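Here the first sequence stands for residues 231 to 686, where the numbers follow the working numbering.
So the structure is just underneath, and the comments pick up after that.
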Amino acid sequence: MGEGRVRPLAGEARAPGRGPVLYWMQRDQRAQDNWALVQAQAAALAAGRPLGVVFCLAPEFLDAARRQYVFLLAGLRETAAELAALNIPFVLLAGDPAREVAEFVARHDAARLVLDFNPLRLPTSWQAEVARRVTMPVDQVDAHNVVPVWVASPKQEYAAATLRPKLNRVLHRYLQEFPPLVTHPHPWAEAPRGLDLVAALDRVRAADHGPALAWITPGPRAARAALATFVSQRLDDYALGRNDPTRAAQSDLSPYFHFGQLAPQRAALAVATHPGAEASREAYLEELIVRRELSDNFCFYNPHYDDASCFPDWARGTLEAHAADRREVILTRDQLEAAASPDPLWNAAQRELVHRGKMHGYLRMYWAKQILTWSRDADEALAHAIALNDRYHLDGRDPNGYVGCAWSIGGVHDRPWGERPVFGMVRSMTHGGCRRKFKIDVYMKQIGHLVHGSQA
DNA sequence: ATCGGCTCGCGCAA
DNA sequence: TGCGCGAAGCCGAT
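In structure tokens, the structure reads:
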């Protein structure tokens, strides 16, 4: 599975419990291609124990909206069925994860507890709390990154350029085929039923932000199909077309990655072995591995990933120096949310976000940067961008989102550029620049149809 | 269409 | 200590 994939989180010296090995599934919500489950099953087989998976639904998670929970629960239903068919019970809990999981694990006297990895503060604090409360050994497995984040680098990296060689040096050791999860030979006879996955949506206190989504089907099976379609039909156009919002060259896989319904490593394997345009393969693997894992590196080593104190010194200085620059207009968060800015291109991007739950990658940068020009300062702009990103993006509340906003507004992982009003030396993007790069009128027309069609 | 200048600091070679 | 070069930039000159 690759050196360092598993790290003890607590209790190396603790005695194992007398019950099953339990995997507390959080970020990686799939049965196959999941290193945490591979590790949990290996431990269970070695000890001759049953294996179980527990998931705790937090009734509110960082302002997640209803359609995000719908996506999550639909995927979990499929994953639970897949696990049950392999003789691995799946148990759904609801409530405060730190308390519920700790109690559950103690009640069933788990032999070991296995965790997956998410660098964000809230899930990390839940894990730490559970590890402190339980009495058996706890292992953490980075099941999300191709190269485990603590292996890739021991520190916060300055930019993609500094992380890239570190990843490339060890990539061949980690970019390997997954072993399959097998039918578990030791049944967990006393496994509780847990909550019903269909009724669970009623326990969620989530507001309805944005219409229900029909263009994307949740679940690991649909994720594999979407990957196959992308590789066979759009990958060759990726190098040239990915920054053109009017061309469908993007993978559209990020919602699956975010909810762990598809392993980035599975996508990397599929792309790396695909014959065809070399430039497109490299461009995609750069974004899938280097830039995505740079986001995990940032959030793992910098707990201020979602406030302006995480910006590099040069960016904070230059933004400060331009804080008093005249703004065209100051917009409230409600005005931004309602796509009521003076820029029709920005409004179209915001409408795409609301109606599709996903904005084109190139426009995500433009969108966040423009918010800076309509905010009193960079702190306020970052707060607006993160709030709207998390509320509407299917892949919101993810390291990629926080780092994307910090890159756009605060120069994180970027370098300084020619000084301009408001932005200072932070790289700017303009309406005119977009006009030069793609047909903005075609994009705005496409979004007009999207909005009109889904409001009927 | 393409090019260069804008500007800072990391990491490495020396 | 010096030097090369960088996640998607802009703009004006050619």
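Ideal Cβ placement from N, Cα and C applies to all residues, glycine included.
All of these numbers come straight from a predicted model, not from anything done at the bench.
Alpha carbon to alpha carbon, how far is R394 from R337? Translated into positions along the first sequence, residue 394 becomes position 164. Translated into positions along the first sequence, residue 337 becomes position 107. The straight-line gap from Cα to Cα measures roughly 44 Å.
With DSSP as the reference, label L345 as helix, strand or coil. In the first sequence, counting from the first residue as 1, residue 345 sits at position 115. Three-state DSSP puts L345 in a strand.
So C635 is in the alpha helix (DSSP H); what residue range does that whole segment cover? For the purposes of this step, residue 635 is taken as the residue at position 405 of the first sequence. From DSSP, the alpha helix (DSSP H) with C635 extends over P629 to G640.
Find out if the Cβ-Cβ distance for the pair L302, F489 is shorter than 8 Å. Position 72 of the first sequence, counted from the start, is the residue given in the question as residue 302. Position 259 of the first sequence, counted from the start, is the residue given in the question as residue 489. Yes, the Cβ-Cβ distance between L302 and F489 is below 8 Å.
Check each candidate in V379, I560 and L267 and name the one with the smallest Cα separation from R521. Translated into the one-based positions of the first sequence, residue 521 becomes position 291. Among V379, I560 and L267, the Cα nearest to that of R521 belongs to V379.
Within the same chain, show all residues whose beta-carbon is closer than 7 Å to that of Q685, passing over the 5 residues directly before and after it, in chain order. Here residue 685 refers to the residue found at position 455 when the first sequence is read from its first residue. Low confidence applies to Q685: its pLDDT is 47, below 50, so where it sits in the model is not reliable, and the reading given next is rough at best. Cβ within range, chain order: n/a, list empty.
Secondary structure at W576, three-state DSSP: helix, strand or coil? In the first sequence, residue 576 corresponds to position 346, counting from 1. Looking at W576 - three-state DSSP - the assignment turns out to be helix.
Who does Q370 pair with in a DSSP beta bridge? What you label residue 370 is simply residue 140 of the first sequence in a count that begins at 1. Answer by DSSP bridge pairing, in chain order: R237 and L345.
For A184 and D537, what's the separation of their Cα atoms in angstroms? No answer is possible for residue 184: it lies beyond the span of the chain, which begins at 231 and ends at 686.
Run through the DSSP bridge pairs and tell me what Y622 is partnered with. Numbered from its first residue, the first sequence carries residue 622 at position 392. Paired residue(s): none; Y622 is not in a bridge.
Three or more C-beta pairs under 8 Å: does that hold for the region 451–466 against the region 599–612? no
For G587, the nearest candidate out of F320, A266 and G440 (CA to CA): Locating residue 587 in the first sequence gives position 357, counting from the first residue. Closest option to G587, Cα to Cα, is G440.
Cross-strand partners of L650 (DSSP beta bridge): Counted from its first residue, the first sequence places residue 650 at position 420. Per the sequence shown, the amino acid found at residue 650 is Arg instead of Leu. Looking at the DSSP assignment, R650 forms a beta bridge with G654.
Considering just the uninterrupted stretch of the beta strand (DSSP E) at F285, what are its terminal residues? Within the first sequence, residue 285 is the residue found at index 55, counting from 1. Taken as a continuous stretch (DSSP letters only), the beta strand (DSSP E) holding F285 covers L281 to L287.
In the structure shown, what three-state DSSP assignment does V251 receive? Here residue 251 refers to the residue found at position 21 when the first sequence is read from its first residue. Three-state result, V251: strand.
Cβ-based neighbour list, C635, same chain, cut-off 7 Å, excluding 5 preceding and 5 following: Indexing the first sequence from 1 puts residue 635 at position 405. Around C635: A598, L612, A615, I616 and N619.
Is any heavy atom of the ligand FAD found at a distance shorter than 7 Å from the C-beta of E610? This structure lacks the ligand FAD; in fact it carries no ligand of any kind.
Using only the alpha-carbon positions, how far apart do V412 and A493 sit? The residue you call residue 412 lines up with position 182 of the first sequence. The residue you call residue 493 lines up with position 263 of the first sequence. If I take the Cα positions, the gap works out to 18 Å.
If you follow the beta strand (DSSP E) that V321 is in, where does it begin and where does it stop? Sequence index remark: in the first sequence, residue 321 carries index 91 (1-based). Unbroken beta strand (DSSP E) run through V321: F320 to A324.
A332 to A444, Cα distance in whole Å? The sequence position of residue 332 within the first sequence is 102, counting from 1. The sequence position of residue 444 within the first sequence is 214, counting from 1. Their backbone Cα atoms lie some 37 Å apart in a straight line.
Endpoints, alpha helix (DSSP H) assigned at D311: On the first sequence, position 81 is the one that residue 311 refers to. The sequence shown places Ala at residue 311, not Asp. That run of the alpha helix (DSSP H) goes R296 to A315.
Alpha carbon to alpha carbon, what distance is there between G278 and I677? One-based indexing of the first sequence puts residue 677 at position 447. One-based indexing of the first sequence puts residue 278 at position 48. Near 56 Å, if we compare the C-alpha coordinates of G278 and I677.
Determine the closest residue to A273 out of R594, P246 and R645, with distance taken between C-alpha atoms. For this step, residue 273 is matched to residue 43 along the first sequence. Here the closest residue by C-alpha is P246.
Contact under 8 Å by Cβ, Y596 with A436: Walking along the first sequence from the start, residue 596 turns up at place 366. Walking along the first sequence from the start, residue 436 turns up at place 206. Cβ distance not < 8 Å, so Y596 and A436 don't count as in contact.
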